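Numbering of the sequence shown is given in UniProt numbering, commencing with residue 1 and proceeding in unit increments. A virtual CB, placed ideally from N, CA and C, is assigned to each residue, including glycine. From a predicted model like this one, the values you see are computed outputs, not experimental measurements. Here's the structure we're looking at; comments come further down.
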Amino acid sequence: MKRFGSSSGIEIEEKIENLTPQNTVKTHKYVWKQFTEFCERRNYQLCAQTSDERLASILKDWAFNMKRADGTEYKEGTVKTIWNTTAKLVQKKFYEEFNRQINLFSGVVFEFDNYGQPTGRIEYNTMFSKTAQGG
1 MKRFGSSSGI
11 EIEEKIENLT
21 PQNTVKTHKY
31 VWKQFTEFCE
41 RRNYQLCAQT
51 SDERLASILK
61 DWAFNMKRAD
71 GTEYKEGTVK
81 TIWNTTAKLV
91 QKKFYEEFNR
101 QINLFSGVVF
111 EFDNYGQPTG
121 RIEYNTMFSK
131 TAQGG
């Protein structure tokens, strides 16, 4: 028995993909579909020439205007999930397609609060917070 395996890059990627929970895969597809539809309707393009400033503007627009299909607001937890998923998928896209690393969770260009959320999107409501419910 060899001490080190001989799995190829393709085998490793397949194994990692198979380990990803199906709910995560579905969430990523759902969020990316919403975000790309939003970008299409606003005539936004995510390409190699998209500057950090332009990307920040697009993401802020998305963060403040994401809503359900019927136009109602998402719950706070859903907004956070959608935002974090979008940020990760945008980072992945820019790295894989354009070999460009961006960090949406820090930096001067991306003006977000300490929790990685777009500042001002979510108004804190003590009536619905976990701590107000004793949890």
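Beta-carbon within less than 7 Å of Q91's beta-carbon, same chain only, minus the 5 sequence neighbours each way: which residues are those? Stepping through the sequence shown from its first residue, residue 91 is reached at position 91. Closer than 7 Å at Cβ, skipping near neighbours: I102, L104.
Could you check which residue in T72, K88, N43 has the C-alpha nearest to that of I58? Locating residue 58 in the sequence shown gives position 58, where the first residue counts as 1. Out of T72, K88, N43, N43 has the C-alpha closest to the C-alpha of I58.
Using CA atoms only, rank isn't needed, just tell me which of A63, T50, T81, R54 is closest to residue 137. What is shown of the chain runs 1 to 135, which leaves residue 137 out entirely.
So does the segment 65–79 actually touch the segment 13–21, counting three or more Cβ pairs closer than 8 Å? no
By how many angstroms is the C-alpha of F4 removed from the C-alpha of E11? Within the sequence shown, residue 11 is the residue found at index 11, counting from 1. Within the sequence shown, residue 4 is the residue found at index 4, counting from 1. In a straight line, the C-alpha of E11 is about 15 Å away from that of F4.
Please return the same chain residues whose Cβ sits closer than 7 Å to the Cβ of F35, not counting the five positions on each side in sequence. As a working note, residue 35 is residue 35 in the sequence shown. Here the set comprises W62, T86.
Does Y44 come out as helix, strand or coil in the three-state DSSP assignment? Your numbering for residue 44 matches position 44 in the sequence shown. For Y44, the three-state secondary structure derived from DSSP is coil.
Use the C-beta contact count for V31: other C-beta atoms within 10 angstroms, 16 or more gives buried, fewer gives exposed. Locating residue 31 in the sequence shown gives position 31, where the first residue counts as 1. Buried, by the Cβ-count rule.
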